[in-house]
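In the working numbering, the protein residues as written are 1 to 40.
Presented below is the structure to which this report refers.
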């Protein structure tokens, strides 16, 4: 998947967040999935 430059809402890392769908993201660092509403 594509790594995007947004912070993870759980661990705050910006170098490990992948876009997994239209509004779906996954953090490889803390292994959490979240949606676009979680980053607002």
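Each residue gets a CB set at the ideal place from its N, CA and C atoms; glycine is no exception.
Exposed or buried, which one is residue 2 when buried takes at least 16 other CB atoms within 10 Å? One-based indexing of the chain shown puts residue 2 at position 2. Residue 2 counts as exposed, since fewer than 16 other beta carbons sit within 10 angstroms of its beta carbon.
I'd like to check one pair, residue 18 with residue 25: are the Cβ atoms closer than 8 Å? On the chain shown, residue 25 is found 25 positions in, with the first residue counted as 1. On the chain shown, residue 18 is found 18 positions in, with the first residue counted as 1. Remark: C-beta atoms of residue 25 and residue 18 approach each other more closely than 8 Å.
Extent of the continuous beta strand (DSSP E) run through residue 17: What you label residue 17 is simply residue 17 of the chain shown in a count that begins at 1. From DSSP, the beta strand (DSSP E) with residue 17 extends over 17 to 19.
Consult DSSP for residue 35 and reduce its assignment to one of helix, strand or coil. As a first step, residue 35 is located in the chain shown; it is residue number 35 there, counting from the start. Assignment of residue 35 by DSSP, reduced to helix, strand and coil, places it in the strand class.
Spatial neighbours of residue 5 within its chain, please: CB distance less than 7 Å, with the 5 preceding and 5 following residues excluded, ordered by chain position. For the purposes of this step, residue 5 is taken as residue 5 along the chain shown, with counting starting at 1. Around residue 5: 14.
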